[in-house]
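Just below is one structure, and these are the notes that go with it.
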Amino acid sequence: MSAIDDLPPLREVIARHGLSARKALGQNFLLDLNLTARIARAAGDLSGADVLEVGPGPGGLTRGLLAEGARRVLAVEKDARCLPALEEIAAAYPGRLTVIHGDALEVDPLAHLSRPVKVVANLPYNVGTELLVRWLTPKVWPPFWDSLTLMFQREVAERIVAPPGSRTYGRLAVLAQWRAEARIVMQLPPAAFTPPPKVSSAVVRLEALPAPRYPADPAVLSRVVAMAFGQRRKMLRSALKGLGPDVGDLLSAAGIAPTARAEDIGLEAFCALARAVAARDRG
Ligand code: SAM
Numbered sequence: 005m006s007a008i009d010d011l012p013p014l015r016e017v018i019a020r021h022g023l024s025a026r027k028a029l030g031q032n033f034l035l036d037l038n039l040t041a042r043i044a045r046a047a048g049d050l051s052g053a054d055v056l057e058v059g060p061g062p063g064g065l066t067r068g069l070l071a072e073g074a075r076r077v078l079a080v081e082k083d084a085r086c087l088p089a090l091e092e093i094a095a096a097y098p099g100r101l102t103v104i105h106g107d108a109l110e111v112d113p114l115a116h117l118s119r120p121v122k123v124v125a126n127l128p129y130n131v132g133t134e135l136l137v138r139w140l141t142p143k144v145w146p147p148f149w150d151s152l153t154l155m156f157q158r159e160v161a162e163r164i165v166a167p168p169g170s171r172t173y174g175r176l177a178v179l180a181q182w183r184a185e186a187r188i189v190m191q192l193p194p195a196a197f198t199p200p201p202k203v204s205s206a207v208v209r210l211e212a213l214p215a216p217r218y219p220a221d222p223a224v225l226s227r228v229v230a231m232a233f234g235q236r237r238k239m240l241r242s243a244l245k246g247l248g249p250d251v252g253d254l255l256s257a258a259g260i261a262p263t264a265r266a267e268d269i270g271l272e273a274f275c276a277l278a279r280a281v282a283a284r285d286r287g
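Each residue of the sequence shown is one higher than the one before, starting from 5 at the first, in my numbering.
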């Protein structure tokens, strides 16, 4: 019996099911159920929400989410070895845990979820950023999720919440902060995981805003920002040459100095630039 439920401690579960961690699957497990319950609480009130969890592994965070009252948890796990352990959790919480065996980059979870939806995950680092970018760039806004509460390497977490002018400010910060409120809610040392990774980790919570902070076409904004940060040390009049020979006019229409660098440009100005580009392209 563990501190948060009647199931056995995770070390015992891992030993019984032979779940030795595999590096290729980004497996660094959280075995302290008080910690996983804290991460679940960082996602806010779960009682009226469906939770999408990617990469439940042996189920430490899954158990935290269920013990903290999630209405339903849909967990997508690629490693078939973890399924028997997850089925034991499903049996202890009848009707509240559904496990899908598959690759989160390929599975479409939407058919299984009812709003409001919160995404909570200790992500496999090799797919974490790609999943985040997908969740931040859906076809329609607001997205299917109300909030994302996600574990990242600390360096990636810092890039998500970075303000303009900082060393870590870039495409990920603009993408995340344009339509969501993003903050770091927990820091974890390597020793919190089994086996310990080389770097520290942090949990980021992103809350979807009902509408973007400033109007812009998502595809144009994404192109402009990728181009600007593609050569972040260059002045924007050269980094953005690919926008066309009128790059100076576009920057001036957006109120941006042609000698400025991408890392000094805030969200509002990037959106103004995206609108200027879209207006020019419309003719
Ligand atoms: N949530 C567990 C915990 O906190 O202890 C495990 C976290 S571990 C960092 C990442 C988990 O994601 C592993 O269980 C791994 O098998 C799984 N995983 C890796 N790639 C995946 C993918 N593409 N789709 C779904 N799960 C994946």
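Each residue gets a CB set at the ideal place from its N, CA and C atoms; glycine is no exception.
- Sequence-distant Cβ neighbours of residue 148 in its own chain, meaning closer than 8 Å and more than five residues away, are 114, 117, 119, 121 and 142.
- In this structure, residue 108 has its beta carbon less than 7 Å from a heavy atom of ligand 1.
- Between residue 182 and residue 55, the alpha-carbon positions lie close to 24 Å from each other.
- Straight across, the Cα-Cα distance linking residue 83 with residue 9 is about 24 Å.
- The C-alpha of residue 249 is placed about 42 Å away from the C-alpha of residue 155.
- Three or more pairs of CB atoms, one per stretch, sit closer than 8 Å, so the segment 60 to 67 contacts the segment 9 to 28.
- The DSSP-derived three-state label of residue 92 is helix.
- Here residue 208 is actually not in contact with residue 247; their C-beta atoms are around 31 Å apart, not less than 8 Å.
- Residue pairing of residue 258 in beta bridges, as defined by DSSP: absent, with no partner found.
- For residue 80, the enclosing beta strand (DSSP E) has its first and last residue at 76 to 81.
- Between the beta-carbon of residue 91 and that of residue 59 there is about 17 Å, and that puts the pair past the 8 Å contact cut.
- For residue 57, the enclosing beta strand (DSSP E) begins and ends at 54 to 58.
- For residue 65, the shortest C-beta to heavy atom distance toward ligand 1 is below 7 Å.
- Proximity to residue 166 across 186, 220, 251 and 99 peaks at 186, based on C-alpha coordinates.
- Using a 10 angstroms sphere on the CB of residue 124, the tally of other CB atoms reaches 16 or more, which defines it as buried.
- Under the three-pair Cβ rule at 8 Å, the segment 24 to 44 counts as touching the segment 70 to 79.
- Between ligand 1 and the CB of residue 143, the shortest heavy atom gap is not smaller than 7 Å.
- Note on geometry: alpha-carbon atoms of residue 194 and residue 153 lie some 19 Å from one another.
- When C-beta atoms of the segment 232 to 241 are compared with those of the segment 263 to 274, three or more pairs fall below 8 Å, so the two segments count as touching.
- For residue 135 and residue 127, the gap between their C-alpha atoms comes out near 9 Å.
- For residue 179, the closest of 137, 145, 158 and 157 by C-alpha to C-alpha distance is 137.
- Taking the Cβ of residue 159 as the reference point, every heavy atom of ligand 1 lies at 7 Å or farther away.
- Between the beta-carbon of residue 206 and that of residue 161 there is about 4 Å, and that keeps the pair under the 8 Å contact cut.
- Cβ neighbours of residue 25 within its own chain (closer than 8 Å, five residues either side excluded): 31, 32, 33, 198 and 199.
- In this structure, the straight-line span from the alpha carbon of residue 86 to that of residue 203 is close to 25 Å.
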